[in-house]
Amino acid sequence: MDLRYVVGCMGGGSCPRIKLTQSDHGSGLGQGVTSQFTLSEGMRVFFIMRSTPEDCSDLYLAKYDPALSMKYVETLLEDTLLYWLGWIRSCTYFGRWLENVERSALILKLLTYEPTGAVVAAVTFSLPEAIGDAGRNWDYRFTWVRDSAFTMYAFMRLGLTKEAKQYMGFVRTLCQEKNPDGGLQIMYTLRGGREMAELELGHLEGYRACAPVRIGNGAADHLQLDIYGELLDAVYLYNKFSQPLSFDEWVDIRALVDYVCDNYDQPDMGIWEVRGKRQNFTYSKVQCWVAIDRGLRL
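Here this note's numbering is used: the first residue of the sequence shown is 29, the next is one more, and so on.
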């Protein structure tokens, strides 16, 4: 990882002096980099953190990784602003909560993996639900069918149909590689992978000493029947308000409905992913009904 800064000042005055200091902050925060400086009117400081290009020719570096300058950094910033301002203009919501809704939409977009359309549940792992409450420190850097279905619904309500279409493409990919019993996993990697073995990293003390630190997620093979209701409801709304399903897409969805018809009466782990004995959760049964109902409507 490469961290550097660019300093600029107007009117030919002296620029602020910048010094980066690496230190261990303790209190479970770990190592970090700090800088203290004073800015006056007309002064600007940009900090850039990036992955350092490796094994690249000088020609590549000259074209795609030019030397940082104030003008170049300003161009990057302007391009970034123009992209996001252009994207959010597609939002069709104009109610009283516009600012909050747009900010939430931007966050959901940032959680979307562009190459596949998958939506990551969170960008964190092993953060405790409460400080001092060790145990439920899970890795959320994966895409849950349930969460993504809700996100797809939110995008459609806001008129952001491109993102909904991207996720439908991801769903099609998952349907091509279903479980041996015809069902889906409750979560996948952002590239559609199925393996995410859960490991505990005993040599790390965790955030603010809240061990254990886990990577991977052992709930991937859980049976959670509610995901089919949430997914089918989102697909139904996509078909109604965004774009009609193709015949091939309908065939994939019909297979999921058939799976629910065959398994709706099975006990499962439920929406809260209890790591114990399977039970008959009311919420799961209701969502199985939703899946079948939306399948019939489609």
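Yeah, the Cβ is synthetic: ideal placement off N, Cα and C, and Gly gets one too. Please read these numbers as outputs of a predicted model, since none were measured by experiment.
query                                                                                                                                                               : result
Any idea what DSSP makes of Tyr111, helix, strand or coil?                                                                                                          : helix
Quick one: which unbroken beta strand (DSSP E) runs of 3-plus residues sit fully inside the segment 191-220? Chain order, please.                                   : none
Going by the CB atoms, is the gap between Thr171 and Val147 shorter than 8 angstroms?                                                                               : yes
Per DSSP, which one or two residues make a beta bridge with Gly60?                                                                                                  : Ser51
Apply the 10 Å Cβ neighbour rule to Cys238 and answer buried if 16 or more other Cβ atoms are within range, or exposed otherwise.                                   : buried
Using the DSSP secondary-structure output, state which residues sit across from Cys37 in a beta bridge.                                                             : Met71
With Asp280 and Cys203 assumed to form a contact (beta carbons below 8 angstroms), what rounded beta-carbon distance in angstroms separates them?                   : 4 angstroms
Let me make sure I understand the geometry here. Which of Asp175, Gly197 and Met77 has the alpha-carbon closest to that of Gly145?                                  : Gly197
Taking the CB atoms as reference points, tell me whether Met77 and Gly36 lie closer together than 8 angstroms.                                                      : no
Would you tell me roughly how many angstroms separate the C-alpha atoms of Ser312 and Thr179, rounded to the nearest one?                                           : 19 angstroms
Candidates Gln271, Ala158 and Ala283: which alpha carbon is nearest Lys193's?                                                                                       : Gln271
What residues in its chain sit with their C-beta under 7 angstroms from that of Asp296, if we drop five residues either side in the sequence?                       : Leu251, Gln252, Leu253, Arg306, Phe309 and Ser312
With C-beta atoms as the reference, is Ser51 less than 8 angstroms away from Gly60?                                                                                 : yes
On the criterion of 16 or more Cβ atoms from any shown chain inside 10 Å, does Gln213 qualify as buried, or is it exposed?                                          : buried
Whose C-alpha, out of Pro240, Ala225 and Met224, is nearest the C-alpha of His231?                                                                                  : Pro240
Would you list the one or two residues that DSSP bridges to Met77?                                                                                                  : Leu31
Here's the rule: buried if 16 or more other CB atoms are within 10 angstroms of the residue's CB, otherwise exposed. What is Arg207?                                : Residue 207 is actually Asn in this sequence, not Arg. Asn207 comes out exposed.
Which residues does DSSP list as the beta-bridge partners of Asp296?                                                                                                : Gln307
Which of the three DSSP states is assigned to Ile281 in this structure?                                                                                             : helix
From which residue to which residue does the alpha helix (DSSP H) around Gly257 run?                                                                                : Asp254 to Phe269
Looking at C-alpha atoms only, which residue of Arg282, Leu139 and Glu233 is the closest neighbour of Gly210?                                                       : Arg282
Would the beta-carbon of Ala95 fall within 8 angstroms of that of Ile116?                                                                                           : no
Sorted by chain position, which residues of the same chain lie with C-beta nearer than 7 angstroms to Ala158's C-beta, five sequence neighbours on each side aside? : none
May I ask you to list the residues that DSSP assigns as paired with Glu228?                                                                                         : Arg242
From which residue to which residue does the alpha helix (DSSP H) around Ala177 run?                                                                                : Val173 to Arg185
Comparing C-alpha positions only, which one of Lys268, Thr217 and Tyr111 sits nearest to Tyr141?                                                                    : Thr217
Would Val288 and Ala262 be called neighbours here (beta carbons separated by less than 8 angstroms)?                                                                : no
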